[in-house]
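Novice: Please see the structure below; I have some questions.
In the working numbering, the protein residues as written are 367 to 1218.
Shown next, in the form of structure tokens:
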């Protein structure tokens, strides 16, 4: 056996290396994908924990004993930090310039900001003493050093001096009433030191303990969610109803569960096709040497070798190649994951990837050897040209059945109400609707088999082949056509695998480009513009435009209006400049042209655009009168002029867009509270910093760079860039292997044909005709079938993974640069394989025949 292996290494090194390379690619891809999935889940859990300043808010109930709850907090070993916070309600705040309605006062210990960084952000003054929330400071037009009066319901008013203005990034959770999730937090907030708070409000207040937990949690968000919620329920049980836990960390991890399932979905949708293609490529590389192995097997059988001996030799070759290939794939993958991705390769994934890759090579090499030994005679095995019986799947039309199934599943999963990731309300687990994977999988498999069928038919058409071969083969065009026609099944297999490699590259690159496109669109819709300025006392359009880096400014009124009994957001715009300063896509207007819709708004002062949800709720028709009540004034008449589905800064459902001048004339107020700022190419966060410095701490600013980091389904946390980087790199390698390597191995198997043609007098140019005709056939088939199928699979992926995109894309983003690189590399691989084959064909034919 060792002598046999030594002979293979000396006589067939390149074929063994080619098979090992296919196995290495499979092992490396599977290992890298496994590392990505593990790292993505761990990263999601870590980032989710980091984004939560206060893990728990433990509220003492009305019947609870604060001292008993304090003792329970101190005795809980899972709590590492805890601070008491008091909540009191006031009927209003008043400054020298303005006053507000009801608000809330919080009493906090002096080290609260240090204990829970991220809960408070200083904007002006100092971070200790009496602090005013930024929106309240804007309403009162107050700054550090000013005095503010607190109006207490059952006690005399009290005046305090403001020491600082702060932003409350997590105001919704900070101000929550635990156990009353539907209660809206107050708009106006003031923070007092704990001792001063107790002096002013006594004990008739709500008390909470803000807690940070020990984060010894499982890296999987779903398991971590269960651990945290179990701890919360256990704590409530220990206090016997004396406290309720506001589980901020559990809520955040609950949202991350769905993102983790999307990570698994992306792994399956984008990763497994590449792994399957690598396995298929490995099997094809191994199968390319089947004729040679069959001839060697026939020689051994003629010399008395039995079935067991033949199987042991085939197994020895397969194990040697598989071991080398698996090691060659796992070592680079481990180094890449450690030093580039920054996460170690899990041992379980490494073992599984190596076993699957090596096992595929063993199966591809050993099973045909066993089948040939049992079912092929020695004479038939030594024949240099085999029959051309059609595969069974081709006779039964399996490819057509698979494509029909893909179409049926796609129609079903694209129907209304379909969701890829299922997250039942209150359920401890979320799950993927794995039925959705059937559509892309069936399309991928069916398209591959259909390409094989069509290419085999084209390669069997001798008139077509003669026309293709005549420019390079001259008088031997008929012979070239006959030779390729007899090899049509092998040519069809090569084109099918090469086209699937192109499909994999095109669909993955298109999905990644579309995701980036929609992530930017989502950020622009959420933020409104490159920079959005709101609640900025004293700011106007000209002062903002004067800031360096600002190209254009669009004023935006934001009011609320009653549509029937529903309170709805109303946006007042300036139609004459809106399209020049703000990007509005046609898709925002229910299929209408954006310029046409805004033109209707400009042509009629009382025109109004209504969100699709409101149109459906109230059964509105174009041109119909719509009466709105804005504030305490009388109803105002508008004319329904169009449907709007999305608008910068607007909520997803229930909003209106009208002329700002018309709203101002009817309400008597033209106050603009929001400005959409377009930069001149300067980074939005830099312009936002300059505006904040110029406008003061009262102004609220948001920029596109920051918004892109925090919005969307946390496929941001999944880091789609890492996944697609792995996928697209492997796609290029697969394209090279599928085009150049398979073609080169096929030419190597047909050296005998070329040598015999040379013996019969074929010249070098005519011998090249055999090669370049097949190269042209493979190249054209791969390009045509791969591009068409890649486009179809891309459409299906974007539709099935619709939950990833917000807003849904109206068109696919085509990554032309990557596709150009892919085409260039594939062409180079084909030309390289052809040049190598021509050089081999021009070797002395007698030496080639003697070697064979």
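The C-beta atom is built at its ideal place from N, Cα and C for all residues, glycine as well.
Kindly indicate the opening and closing residues of the alpha helix (DSSP H) around residue 900.
Specialist: Position 534 of the chain shown, counting from 1, holds the residue named residue 900. That residue, residue 900, is in no alpha helix (DSSP H); its beta strand (DSSP E) goes 897–900.
Novice: Can you tell me where the alpha helix (DSSP H) with residue 394 in it begins and where it stops?
Specialist: Residue numbering aside, residue 394 sits at position 28 when the chain shown is read from its first letter. Residues 379–416.
Novice: Reducing DSSP to helix, strand and coil, say where residue 953 ends up.
Specialist: Here residue 953 refers to the residue found at position 587 when the chain shown is read from its first residue. It is helical.
Novice: Could you have a look at residue 1079 and say whether DSSP puts it in helix, strand or coil?
Specialist: Here the question's residue 1079 lines up with position 713 in the chain shown. Note that residue 1079 has pLDDT 42, beneath the 50 cutoff, so the model's placement of it is unreliable and the number below is only indicative. Coil, per DSSP.
Novice: Span of the alpha helix (DSSP H) holding residue 963?
Specialist: Here residue 963 refers to the residue found at position 597 when the chain shown is read from its first residue. Note, residue 963: alpha helix (DSSP H), 960–969.
Novice: Do residue 399 and residue 635 count as a contact pair if the criterion is CB distance below 8 Å?
Specialist: In the chain shown, the residue the question calls residue 635 occupies position 269. In the chain shown, the residue the question calls residue 399 occupies position 33. No, they are not a contact pair.
Novice: Ignoring anything shorter than 4 residues or poking outside the segment 609–634, list the alpha helix (DSSP H) runs there in chain order.
Specialist: 614–632
Novice: If we ignore side chains and look at the alpha-carbon of each, how far apart do residue 575 and residue 423 end up?
Specialist: Translated into positions along the chain shown, residue 575 becomes position 209. Translated into positions along the chain shown, residue 423 becomes position 57. Going from the Cα of residue 575 to the Cα of residue 423 covers about 6 Å.
Novice: I'd like the list of long-range same chain contacts for residue 936, defined as Cβ closer than 6 Å, with 5 residues on each side in sequence excluded.
Specialist: By one-based count along the chain shown, residue 936 stands at place 570. Short of 6 Å from the beta carbon of residue 936, and not among the five residues preceding or following it, lie these beta carbons of its own chain, in chain order: 925, 927 and 1022.
Novice: In terms of residues, what are the limits of the alpha helix (DSSP H) holding residue 1031?
Specialist: Residue mapping note: residue 1031 aligns to position 665 of the chain shown, counting from 1. Note, residue 1031: alpha helix (DSSP H), 1026–1033.
Novice: Is it a yes or a no for the segment 1040–1051 touching the segment 886–898, going by three-plus beta-carbon pairs under 8 Å?
Specialist: Because the criterion of three Cβ pairs below 8 Å is met, the segment 1040–1051 and the segment 886–898 touch.
Novice: Unbroken beta strand (DSSP E) runs of length 3 or more, entirely within the segment 861–928: which are they?
Specialist: 897–900
Novice: Under three-state DSSP, which class holds residue 828?
Specialist: By one-based count along the chain shown, residue 828 stands at place 462. Looking at residue 828 - three-state DSSP - the assignment turns out to be helix.
Novice: May I ask which residues mark the beginning and end of the alpha helix (DSSP H) holding residue 983?
Specialist: The residue labelled residue 983 in the question sits at position 617 within the chain shown. Unbroken alpha helix (DSSP H) run through residue 983: 978–984.
Novice: What's the gap between the Cα of residue 678 and the Cα of residue 670?
Specialist: One-based indexing of the chain shown puts residue 678 at position 312. One-based indexing of the chain shown puts residue 670 at position 304. Approximately 15 Å, taken between the alpha carbons.
Novice: So what does DSSP say about residue 713, is it helix, strand or coil?
Specialist: In the chain shown, residue 713 corresponds to position 347, counting from 1. DSSP places residue 713 in helix when its eight states are reduced to three.
Novice: Just to confirm my understanding: we take residue 794, look at its own chain, exclude 5 residues before and 5 after, and list those with CB closer than 6 Å. What are they?
Specialist: Here the question's residue 794 lines up with position 428 in the chain shown. Bear in mind that a pLDDT of 44 at residue 794, under 50, signals an unreliable position, so the number given afterwards is only what the model happens to contain. These residues qualify, in order along the chain: 592.
Novice: I need the DSSP call for residue 694, collapsed to helix, strand or coil.
Specialist: Working through the chain shown from its first residue, we reach residue 694 at position 328. Correct three-state label for residue 694: helix.
Novice: Secondary structure at residue 583, three-state DSSP: helix, strand or coil?
Specialist: The residue given as residue 583 occupies position 217 in the chain shown. Here residue 583 sits in coil by DSSP.
Novice: Using three-state DSSP, classify residue 1068 as helix, strand or coil.
Specialist: In the chain shown, residue 1068 corresponds to position 702, counting from 1. Strand, per DSSP.
Novice: With DSSP as the reference, label residue 542 as helix, strand or coil.
Specialist: Here residue 542 is taken as the residue at index 176 of the chain shown, counted from 1. Reduced to three states, the DSSP call for residue 542 is coil.
Novice: Whole angstroms are fine: how far does the CA of residue 961 sit from the CA of residue 945?
Specialist: Locating residue 945 in the chain shown gives position 579, where the first residue counts as 1. Locating residue 961 in the chain shown gives position 595, where the first residue counts as 1. For residue 945 and residue 961, the distance between alpha carbons rounds to 7 Å.
Novice: Note down, in chain order, each residue of its chain lying with its Cβ closer than 7 Å to the Cβ of residue 900, except the 5 sequence neighbours on either side.
Specialist: On the chain shown, position 534 is the one that residue 900 refers to. Result list for residue 900: 1039, 1040 and 1066, in chain order.
Novice: Going by beta carbon distance, what residues of the same chain come within less than 7 Å of residue 972, once the five residues before and after it are set aside?
Specialist: Translated into the one-based positions of the chain shown, residue 972 becomes position 606. The answer, listed in chain order, is 1003, 1004, 1005 and 1028.
Novice: Just list the residues that DSSP pairs residue 1003 with in beta bridges.
Specialist: For the purposes of this step, residue 1003 is identified with residue 637 of the chain shown, where counting begins at 1. When DSSP reads this structure, residue 1003 sits in a beta bridge with 993.
Novice: Does the beta-carbon distance from residue 640 to residue 389 come in below 8 Å?
Specialist: As a first step, residue 640 must be located in the chain shown, where it is residue number 274. As a first step, residue 389 must be located in the chain shown, where it is residue number 23. No, these two residues do not count as a Cβ contact at 8 Å.
Novice: Distance check for residue 396 and residue 537, CA to CA, integer angstroms please.
Specialist: Walking along the chain shown from the start, residue 537 turns up at place 171. Walking along the chain shown from the start, residue 396 turns up at place 30. Using only the alpha carbons, I get a separation of about 44 Å.
Novice: Where do the ends of the alpha helix (DSSP H) carrying residue 429 lie?
Specialist: In the chain shown, counting from the first residue as 1, residue 429 sits at position 63. No alpha helix (DSSP H) contains residue 429, which DSSP labels as neither H nor E.
Novice: Any idea what DSSP makes of residue 1231, helix, strand or coil?
Specialist: Because residue 1231 is not part of the residues shown, which for the chain are 367 to 1218, the question remains open.
Novice: Which of helix, strand or coil does DSSP assign to residue 491?
Specialist: Taking the chain shown and counting its residues from 1, one reaches residue 491 at position 125. Of the three classes helix, strand and coil, the one that applies to residue 491 here is strand, per DSSP.
Novice: Please go through the same chain and pick out, in chain order, the residues whose beta-carbon is closer than 6 Å to the beta-carbon of residue 1074, but skip the five residues on each side of it.
Specialist: Here residue 1074 corresponds to residue number 708 of the chain shown, with the count starting at 1. Hits under 6 Å: 889.
Novice: Assuming residue 844 is part of the alpha helix (DSSP H), what are its boundary residues?
Specialist: Position 478 of the chain shown, counted from the first residue, corresponds to residue 844. Residue 844: member of the alpha helix (DSSP H) spanning 843–852, first to last residue.
Novice: Along the beta strand (DSSP E) that carries residue 514, what are the first and last residues, could you check?
Specialist: If you number the chain shown from 1, residue 514 lands on position 148. Residues 513–517.
Novice: Could you give the distance in angstroms between the alpha-carbon of residue 963 and the alpha-carbon of residue 1020?
Specialist: Translated into the one-based positions of the chain shown, residue 963 becomes position 597. Translated into the one-based positions of the chain shown, residue 1020 becomes position 654. Using only the alpha carbons, I get a separation of about 18 Å.
Novice: Flag this pair as yes or no: are the beta carbons of residue 626 and residue 582 separated by less than 8 Å?
Specialist: Residue 626 sits at position 260 when you count from the first residue of the chain shown. Residue 582 sits at position 216 when you count from the first residue of the chain shown. Going by beta carbons, residue 626 and residue 582 fall outside the 8 Å limit.
Novice: Of the choices 736, 646, 419 and 604, whose alpha-carbon is the least far from that of residue 387?
Specialist: Position 21 of the chain shown, counted from the first residue, corresponds to residue 387. Answer by Cα proximity: 646.
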